[in-house]
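**Q**
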Amino acid sequence: MDVLQAHSSELRRIERDLHDGVQARLVAIALRLGVADDTYADDPEAAAALVRRAQVETEDAMTELRTVIHTIYPPVLADQGLAGALATLTARAGVPVRLEVGPLGQVPAAVEAVAYFAATETLANTARHSGATEASIRVARDGALLRMRIADNGIGGAVADRGTGLDGLRRRVAALDGAFKVDSPTGGPTVLTLELSCV
6 MDVLQAHSSE LRRIERDLHD GVQARLVAIA LRLGVADDTY ADDPEAAAAL
56 VRRAQVETED AMTELRTVIH TIYPPVLADQ GLAGALATLT ARAGVPVRLE
106 VGPLGQVPAA VEAVAYFAAT ETLANTARHS GATEASIRVA RDGALLRMRI
156 ADNGIGGAVA DRGTGLDGLR RRVAALDGAF KVDSPTGGPT VLTLELSCV
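Its first residue numbered 6, the sequence shown is counted upward by one per residue in our numbering.
1) Between which two residues does the alpha helix (DSSP H) harbouring A180 extend?
2) Should L201 and L181 be called a contact, given that it needs their Cβ atoms to be closer than 7 Å?
3) Let me know the alpha helix (DSSP H) ranges lying completely inside the segment 17 to 60, each 4 residues or longer, listed in chain order.
4) In angstroms, rounded to a whole number, what distance separates the CA positions of G89 and E105?
5) When you compare only the Cα positions, how much space is there between D48 and Q60?
6) Could you round the C-beta distance between P194 and G162 to whole angstroms and report it? I think they count as a contact, below 8 Å.
7) Assign L91 to one of three DSSP states: helix, strand, or coil.
8) Between the beta-carbon of A145 and the beta-carbon of G110, is there less than 7 Å?
9) Cβ atoms of V116 and L151: under 7 Å apart, would you say?
10) Among the candidates A165, T63, R177 and D84, whose CA atom is the shortest distance from the CA of D188?
11) Measure the CB-CB distance between A35 and Y45 and report whether it falls below 7 Å.
Given below as structure tokens:
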């Protein structure tokens, strides 16, 4: 049930972003161009101004569409692969992070995305809430499984409660029939592990 809910929730989010954002912009552009067409014979300058405005709005719509696409599959993964994306992420983290990347082989795009979002969410939580002075990420293929371990030496107490970022991450992992665990006793450390099938 969690798998279906996670999948449905993600589809609804994407649909909402496209419908309320990009689609609304495209409708406005189409209307503006229609008015420009109707106006052109009587007032070419006004029509030209409408076309220029539509061009700006088209560029805005493209930017918004790229943003939606990036939440589905971050471009850093397409450009650098999982190892490179994690290296870039850890270099910018709010705490020092030790990254260990073992052999990965071919990793499906959906698995790469979940692993990357796991690291992003966890390191953001570490920097904001944990009081940690260091963190680590270890990721490698183990047969058909991609295994990832993310840890920090902070105060602990992290839980994947409903509505939190960790709960959203748990649902992403569940959507791929993966395993997800958070071990974060009061006083720390916090260790997050996940396993995802690559077949």
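In this text, a Cβ means the ideal position worked out from N, Cα and C, and glycines have one as well.
**A** By the coordinates alone:
1) Its alpha helix (DSSP H) spans residues G170 to A180.
2) Yes. Within cutoff.
3) Taking 4 residues as the minimum length, the alpha helix (DSSP H) runs contained wholly in the segment 17 to 60 are 29 to 44, in order along the chain.
4) Spanning the two alpha carbons is a distance of roughly 12 Å.
5) Here the C-alpha atom of D48 lies approximately 19 Å from the C-alpha atom of Q60.
6) No, P194 and G162 are not in contact; Cβ-Cβ is about 11 Å, not under 8 Å.
7) L91 sits in a helix when the DSSP states are folded into three classes.
8) No, the pair does not count as a contact, with Cβ atoms beyond the cut-off.
9) Cβ distance < 7 Å, so L151 and V116 count as in contact.
10) Ranked by how close their Cα comes to the Cα of D188, the residues A165, T63, R177 and D84 have A165 in first place.
11) Their beta carbons are not under 7 Å apart, which means A35 does not touch Y45 by this criterion.
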